[in-house]
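First the structure, in the form of structure tokens, and then the observations on it.
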Amino acid sequence: MTKRALSCMLLAVALLCPAAPGRAADFEAETAFHYQAWSNDADEDGYQTYVPLYLRGALSQFRWEVVAGYADTGAEFEVLGDRSISGFLDTQLNLSYVLAHTLGLDWLFGVDTNLPTGRTGLDPRDLRVMLDPDLVSIVTPGRGLDFNPFVNVARRWQNWTFGAGTGYAIQGEYDYSSVDRDYDPGDIWNVAAEILYEWQSGWQARFFGQYAMFDTDTLAGEDLLERGDTLLVGAGVRYKQEAYQLGLTVRTITRQKSEYRLVSGTGIGTEPHNGYGDEWGADLDARYQLSKATTASALLGYLYVAENDYDPSNIYYVGQRTKTSLSLGLGHELNDWLHLQAALAGFLMDDDPNWIHPGQERSYQGWSLCIAATTRF
Numbered sequence: 002m003t004k005r006a007l008s009c010m011l012l013a014v015a016l017l018c019p020a021a022p023g024r025a026a027d028f029e030a031e032t033a034f035h036y037q038a039w040s041n042d043a044d045e046d047g048y049q050t051y052v053p054l055y056l057r058g059a060l061s062q063f064r065w066e067v068v069a070g071y072a073d074t075g076a077e078f079e080v081l082g083d084r085s086i087s088g089f090l091d092t093q094l095n096l097s098y099v100l101a102h103t104l105g106l107d108w109l110f111g112v113d114t115n116l117p118t119g120r121t122g123l124d125p126r127d128l129r130v131m132l133d134p135d136l137v138s139i140v141t142p143g144r145g146l147d148f149n150p151f152v153n154v155a156r157r158w159q160n161w162t163f164g165a166g167t168g169y170a171i172q173g174e175y176d177y178s179s180v181d182r183d184y185d186p187g188d189i190w191n192v193a194a195e196i197l198y199e200w201q202s203g204w205q206a207r208f209f210g211q212y213a214m215f216d217t218d219t220l221a222g223e224d225l226l227e228r229g230d231t232l233l234v235g236a237g238v239r240y241k242q243e244a245y246q247l248g249l250t251v252r253t254i255t256r257q258k259s260e261y262r263l264v265s266g267t268g269i270g271t272e273p274h275n276g277y278g279d280e281w282g283a284d285l286d287a288r289y290q291l292s293k294a295t296t297a298s299a300l301l302g303y304l305y306v307a308e309n310d311y312d313p314s315n316i317y318y319v320g321q322r323t324k325t326s327l328s329l330g331l332g333h334e335l336n337d338w339l340h341l342q343a344a345l346a347g348f349l350m351d352d353d354p355n356w357i358h359p360g361q362e363r364s365y366q367g368w369s370l371c372i373a374a375t376t377r378f
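In case it helps, our numbering puts the sequence shown at residues 2 to 378.
Right, here's the structure in full:
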């Protein structure tokens with residue numbers, strides 16, 4: 002839920018253009034086939050197949066979205082051998098209401114809900130195949146019943162656009178694994194803001210920030226983990242022309258030290274890079290209009306995560322991580338109601354010792370393929 006809780010704060014971007022009611026009834030459906038594969042220098046390898054289904058609609062100022070999916074994830078580890086998890090995932094239900102031009106602002110009110118249709122209480126050794134967000138996209142087979150109400154506002158003034166939002170994620174209890182029963186992830190409070198400035202020549206500058214505070218996680222009624230607050234700060238620049246656009250975004254995430262109270266059976270980590278040190282990243286993207294109906298895209302990304310504040314001899318120590326990735330994509334509007342997309346990506350990653358492979362460094366490589374189709378009514 003946290004990834005959605007964090008990203009929902011940036012839904013203020015949806016208000017960066019003047020809000021306007023949709024048509025009487027807009028409907029969009031999207032599905033995709035994602036395949037990811039990875040391997041490392043310890044002769045370990047893994048994969049993930051993910052098939053999502055998105056249903057979106059609008060009725061006047063109301064917006065809704067339902068996200069469901071199926072994932073099959075497996076890996077062969079040096080110590081644990083072959084492990085795998087497959088099944089339907091949790092269902093996301095997202096509702097929002099746009100209130101335009103009120104008190105000098107455009108407003109977006111909503112709630113994101115996680116419905117526990119996925120699997121929980123699984124073997125902790127199997128869960129290892131889904132714990133690293135830099136190897137596979139889906140990092141949990143199931144969670145509890147979560148609610149994240151939020152409100153975003155935006156205001157456009159000449160060439161400036163200002164957006165801000167806040168939300169509170171209420172996360173329900175569930176069995177994290179067959180060993181870690183009655184796990185209650187702490188609630189999360191988020192605030193975010195973004196400023197855009199646009200020149201008529203096609204240049205755009207962007208500045209954004211986000212702060213998240215975490216309540217204490219508990220396991221069977223006892224304090225397990227107090228996650229450190231996180232602060233994200235970033236900036237970007239973009240150049241847009243009719244046939245192409247180029248963009249560069251840089252960001253940093255500062256994490257306060259997480260305090261572990263209990264030793265769990267799995268090394269519980271439900272948040273991206275939970276327990277890692279500070280993070281720096283950069284993304285360079287490009288889009289080119291090959292024809293009226295066809296668009297090519299590329300994305301080059303770099304990630305650096307510093308070691309955390311624990312001593313290297315501690316079980317909770319996590320060392321440095323660097324990752325470089327490249328993605329190439331192609332999109333085609335087949336007709337007014339069907340849009341097809343395909344993307345091929347690859348990455349290289351170097352990892353210092355951490356709790357997944359204590360006392361050992363790892364070098365990873367991987368690739369992924371995505372084919373998607375979107376239809377509109």
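Positions of the beta carbon are idealized from the N, C-alpha and C atoms, including for glycine.
Small disclaimer: the values here were computed from a predicted structure and weren't measured.
By the criterion of a C-beta distance shorter than 8 Å, H35 is surrounded in its chain by Q49, T50, Y51, V52, P53, S138, S369, L370, C371, once the five residues flanking it on both sides are discounted. Around G145, the same chain offers P117, Q172, G173, E174, Y175 as residues with beta carbons nearer than 7 Å, after the five sequence neighbours per side are excluded.
Taking a contact to require three or more Cβ pairs closer than 8 Å, the region 248-257 and the region 282-290 qualify as touching. Within a 10 Å sphere around the beta-carbon of N160 sit fewer than 16 other beta-carbons, which makes this residue exposed. Within the model, the alpha-carbon separation for G237 versus P134 is close to 24 Å. Secondary structure of R84 (DSSP, three-state): strand. Across the structure, T376 and E29 are spaced so that their CA atoms are roughly 6 Å apart. By the criterion of at least three beta-carbon pairs nearer than 8 Å, the region 254-261 is in contact with the region 217-235.
Look at the beta carbons and you see the region 119-129 touching the region 80-99: at least three pairs across the two are nearer than 8 Å. The beta-carbon separation of D279 and A307, rounded to 5 Å, stays under the 8 Å limit for a contact. W338 counts as exposed, since fewer than 16 other beta carbons sit within 10 angstroms of its beta carbon.
Of A170, A76, Q93, the smallest CA-CA separation from V67 is found for Q93. Taking a C-beta distance under 8 Å as the contact criterion, A206 and Y198 qualify as a contact pair. Comparing alpha-carbon positions, the option among H274, L345, D183 lying closest to V319 turns out to be H274.
As computed with DSSP, W161 is found in a beta bridge with W158, Y198. Its Cα nearest to that of Y317, the residue G276 stands out among A38, A101, L60, G276. For T323, the CB contacts under 6 Å within the same chain, skipping 5 residues up- and downstream, are Y305, D351 in chain order.
L104 carries a coil assignment under DSSP once its states are collapsed to helix, strand and coil.
Shortest Cα-Cα distance from T32 to any of S40, S202, W39, L56 involves L56. Annotated three-state conformation of P125 is helix, per DSSP. Sorting G347, N95, Y240, I357 by C-alpha distance to the C-alpha of W200 places Y240 at the top. Exclusion of the five residues before and after Q242 leaves G203 as the residues of its chain whose Cβ lies within less than 7 Å of its Cβ. Note on geometry: alpha-carbon atoms of F110 and G82 lie some 47 Å from one another. Here the C-alpha atom of W158 lies approximately 33 Å from the C-alpha atom of A297. Per the coordinates, the alpha-carbon of L132 lies some 44 Å from the alpha-carbon of G105. Note on G70: 16 or more other CB atoms within 10 angstroms of its CB, so buried under the neighbour-count rule.
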